[in-house]
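In our numbering, the protein residues as written are 8 to 201. Cβ coordinates follow ideal geometry from the N, Cα and C atoms, glycine included. Keep in mind that this is a model prediction, so the values were computed, not measured.
Next up, the structure:
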C-alpha cells in the first residue's frame, strides 16, 4: 500500500510538471509573441528536438519500406507534410499558452480575447498552401521560421504565426497545410480558443 501511495504521488507531481511546462498561462500579454521570443525559448528548442526525433523515425520507416520494395527509390527534394499541431495561443487577456510539439489540446485553458489573438502552428513537411482561420475568418501570417531538422540544407519543418487583428472573443482556430509533394495530402490542426 505504501508503494502504491508513493507511485500515485510521483504520478501527480509528474503530471503537474507537464501541465505547467506545456500550458504556461500568463495573466496578460501586451503584444503578440515575436519570432525571436519563440525560436529562442526553451520550449521551442524542446519542440524542435521532438520534431527531429519524429522526422528521423519517419525517414527510417520510409527507408525500410523502400528496401523491401525492390524497385527504384524515388527521393523527393523535400518531405511531404506529415505533421501539424497548434504550438501556442496568445492574446492580451488570455496571456500565452505553449503546448509544444506533441501536444494539441481540445481547447485553451485561458479565456483568450482582446484586440488580437495569435495562434502558432508547427509542421513537418513541405507545403505549397497554408493558412489559418479563427472562427472561419482568415488570419494573417505575420512570421514564419523555417527549420532544417537533419542538417541536409533542405527545409523540413516550419513554425508559423497567425494573427487575428481586431476585437475577438475567440472561436475555433484551424491551421491547414497542403503538401507540395506526393501524396499531396492536406493536414489540419485545430483548437477551440476560449
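- A distance below 8 Å between beta-carbons, with the five flanking residues on each side excluded, links residue 57 to the following residues of its chain, in chain order: 107, 108 and 109.
- The three-state reading of DSSP puts residue 200 in strand, counting E and B together.
- Under the DSSP assignment, residue 46 falls in the alpha helix (DSSP H) whose first and last residues are 42-46.
- In terms of CA proximity to residue 152, 43 leads the group 158, 64, 102 and 43.
- Residue pairing of residue 90 in beta bridges, as defined by DSSP: 131.
- Here residue 161 has 85 as same chain residues with Cβ atoms under 6 Å from its own Cβ, once five neighbours each way along the sequence are excluded.
- The Cβ atoms of residue 178 and residue 141 lie closer than 8 Å to each other.
- Boundaries of the beta strand (DSSP E) around residue 154: 147-154.
- Within its own chain, the residues whose Cβ lies closer than 7 Å to the Cβ of residue 97, once the five positions on either side in sequence are excluded, are 36, 39, 40, 103 and 125, listed in chain order.
- For residue 99, the CB contacts under 8 Å within the same chain, skipping 5 residues up- and downstream, are 35, 36, 37, 120, 121, 122 and 123 in chain order.
- Between residue 93 and residue 192 a beta carbon distance of about 19 Å is seen, past the 8 Å cut, so the two are scored as non-contacting.
- Here residue 128 is near residue 167, since their CB atoms are less than 8 Å apart.
- The C-beta distance from residue 173 to residue 139 rounds to 15 Å, too long to fall under 8 Å, and the pair is not in contact.
- With 16 or more other Cβ atoms from the protein chains shown falling within 10 Å of its own Cβ, residue 132 counts as buried.
- As computed with DSSP, residue 169 is found in a beta bridge with 126 and 148.
- Residue 51 is not a Cβ neighbour of residue 156, given a cutoff of 8 Å.
- Beta bridge pairing from DSSP links residue 138 with 183.
- The beta-bridge partner set that DSSP reports for residue 103 consists of 97.
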